[in-house]
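This report concerns only the one structure given below.
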Amino acid sequence: MNFVIAFTIIASLLLMSANPLIDHEDLPDGDAPILSHNPDNKLTLRNSNDWSATGSAANPAVLRSLDTSPNNEIVVSGVISGSTTMTLGSTSITSGQYIEPWIAKADANGNWQWIQKVSITGTSQFAEATVQDISVAPNGDIFATGMFYDTISFGGITLTSTGYWDCWTA
């Protein structure tokens, strides 16, 4: 499964809903504009595509949020599930049987730099975690927030929920 399509569709819908001047009615069925990031911090249509990047996963990989850094780097986040491996460039992560969030960063040329996941370490059949949003600060620091049930770990930190859905911030 090549999820650049999901990124294109989501970014296209965001761009088209925010900019009614883009007429997508003339595109063939199922097509969406191919978008990229440019130095002016704008998403652009396919005829001025600066670059594109792809990723792959055998099971669903969902893009939930994206932001850009002051250096025009792209930071994206989403979830993977079903004991699958997701590859972005030469970097891969593997999910367990649960729904697990991930965060990845590409440079200004679309080259994937790294990918990290929030691991489910709990054992409940209902254990899962989501990433709700990400943001890049002016100094380049990346912040993420999400929800989880059971136990998660990220870096050297482990959190255990006290209810069905608790929140996490990194």
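Note that our numbering has the sequence shown beginning at 16, numbered continuously upward.
All residues carry an ideal CB built from backbone N, CA and C; glycine is no exception.
* **alanine 76 versus methionine 101: straight-line alpha-carbon distance, rounded** => Here the question's residue 76 lines up with position 61 in the sequence shown. Here the question's residue 101 lines up with position 86 in the sequence shown. For alanine 76 and methionine 101, the distance between alpha carbons rounds to 8 Å.
* To do: May I ask you to list the residues that DSSP assigns as paired with alanine 159?
  => Reading the sequence shown from its first residue, position 144 is the one you call residue 159. Paired residues: Ile149.
* So, helix, strand or coil for glutamine 187, using DSSP? -> Residue 187 falls outside the range modelled here, since the chain spans only 16 to 185, and no answer is possible.
* To do: Quick one: residues in its chain with C-beta nearer than 7 Å to the C-beta of aspartate 82, no 5 flanking neighbours on either side, listed in chain order?
  => Translated into positions along the sequence shown, residue 82 becomes position 67. If we look at aspartate 82 and ignore the five residues flanking it on each side, its Cβ neighbours are Val90, Ile149, Ser150, Val151.
* Asked: Taking serine 80 as the reference, which of Thr145, Thr69, Phe141 has the closest Cα?
  -> Locating residue 80 in the sequence shown gives position 65, counting from the first residue. Of the candidates Thr145, Thr69, Phe141, the one whose C-alpha sits nearest the C-alpha of serine 80 is Thr145.
* **Reference serine 176; option with closest CA among Asn126, Asn87, Gln147, Glu143** => Position 161 of the sequence shown holds residue 176. If we check each option's Cα against that of serine 176, Glu143 comes out closest.
* Would you check if there are 3 or more beta carbon pairs closer than 8 Å linking the segment 122-130 to the segment 150-164? => no
* **Pairwise C-alpha distance: phenylalanine 169 and serine 154** => Taking the first residue of the sequence shown as 1, we reach residue 154 at position 139. Taking the first residue of the sequence shown as 1, we reach residue 169 at position 154. Per the sequence shown, residue 154 should be read as asparagine rather than serine. Asparagine 154 and phenylalanine 169: Cα-Cα distance of roughly 22 Å.
* Asked: Does DSSP put aspartate 181 in a helix, in a strand, or in coil?
  -> Translated into the one-based positions of the sequence shown, residue 181 becomes position 166. Here aspartate 181 sits in strand by DSSP.
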